[in-house]
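Keeping their order, the protein sequence lines are chains A and B. So the first sequence is residues 2 to 116, counted in my numbering. So the second sequence is residues 3 to 113, counted in my numbering. Remarks on the structure that follows.
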Amino acid sequence: ETGVTQTPRHLVMGMTNKKSLKCEQHLGHNAMYWYKQSAKKPLELMFVYNFKEQTENNSVPSRFSPECPNSSHLFLHLHTLQPEDSALYLCASSQETDWTYNEQFFGPGTRLTVL
Amino acid sequence: GEDVEQSLFLSVREGDSSVINCTYTDSSSTYLYWYKQEPGAGLQLLTYIFSNMDMKQDQRLTVLLNKKDKHLSLRIADTQTGDSAIYFCAERGGTGNQFYFGTGTSLTVIP
């Protein structure tokens, strides 16, 4: 499989559940990102990993916990979420996070609904 | 964080030109981007422009950058129904690995 894949594509969970989103990239990139896409709001960068090290955390609540075991895999662990966390969660990867135009390749997203 | 603003919706007739506008606040932006998102898919890079350029053309796409006014636009010539999608403006901040995106503009092409 090529590109950036995300599983599951859809997830419905209660506020007390614990679940994880998975992202995998088959592009040989060394940087990976989590974004949150909500209707009528700017796409929001949540976390950045570069060579498995977290380099950005944009004041994301602790109920979202990222994990990057290697450069190809990125997880977002979810626990005690709120209904306002319902959104499309997009994963992206890029070759590097240095000063180049740094094209990001996005996965199709996981549509999360919190009841 | 920095603000990137776009209008939410745009409708054009097939064959006409589309112009999608974007304003941003970070004066230290290095790169500015246009991404396209089709239904059920992630974002895909359409084009980008380095901050020291004022225009870039790529086939039907023309990007104009007015750095003084912090205004970016994307013109699509001869718009086709396949161009219907959400278009995101984004900038790469001057510090760190920050990317700031707008809300996206939903383009509808009317046959």
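Beta carbons are placed, not taken as given, at the ideal position from N, Cα and C, and that holds for glycine.
* Asked: At what residue ranges does the stretch 9-54 of chain B contain a whole run of the beta strand (DSSP E), taking only runs of 3 or more?
  -> 11-15, 20-26, 33-39, 45-52
* Nearest-angstrom Cα distance between residue 86(A) and residue 29(A)? -> 30 Å
* To do: Could you pull out every residue in the same chain whose Cβ sits closer than 6 Å to the Cβ of residue 29(B), ignoring the five residues on either side in sequence?
  => none
* Please report how far the alpha carbon of residue 37(B) lies from the alpha carbon of residue 93(B), in whole angstroms. => 11 Å
* Asked: In this structure, does DSSP put residue 105(B) in helix, strand or coil?
  -> coil
* So residue 49(A) packs on residue 36(A), CB below 8 Å; how close in whole Å? -> Contact flag wrong, Cβ pair sits at about 10 Å.
* To do: List the endpoints of the continuous beta strand (DSSP E) containing residue 36(A).
  => 32-38
* Asked: Using a beta-carbon distance cut-off of less than 7 Å, what residues from the stretch 12-39 of chain A approach chain B?
  -> none
* To do: Answer yes or no: does any C-beta atom of chain C fall closer than 7 Å to that of residue 105(B)?
  => No chain C is present in this structure, whose protein chains are A and B.
* Tell whether a beta-carbon distance below 7 Å holds between residue 56(A) and residue 25(A). => no
* According to a CB-to-CB cut-off of less than 8 Å, which residues of the stretch 45-60 of chain B neighbour chain A? -> 45, 46, 47, 50, 52
* Asked: Does the stretch 13-21 of chain B touch the stretch 73-86 of chain A, meaning 3 or more C-beta pairs lie closer than 8 Å?
  -> no
* Asked: Should residue 103(A) be labelled buried (16 or more other beta-carbon atoms within 10 Å of its own) or exposed?
  -> buried
* Asked: Going by beta carbon distance, what residues of the same chain come within less than 8 Å of residue 45(B), once the five residues before and after it are set aside?
  -> 37, 38, 39, 90
* To do: Output yes or no for whether 7 Å exceeds the beta carbon distance between residue 77(B) and residue 21(B).
  => yes
* Taking the alpha carbon of residue 48(B) as the point to measure from, which residue in 80(B), 71(B), 60(B), 8(B) has its own alpha carbon closest? -> 60(B)
* Asked: On the three-state DSSP scale, how would you describe residue 60(B)?
  -> strand
* Host beta strand (DSSP E) of residue 95(A) (start-end) -> 88-95
* Cα-Cα separation, residue 74(B) to residue 18(A) -> 43 Å
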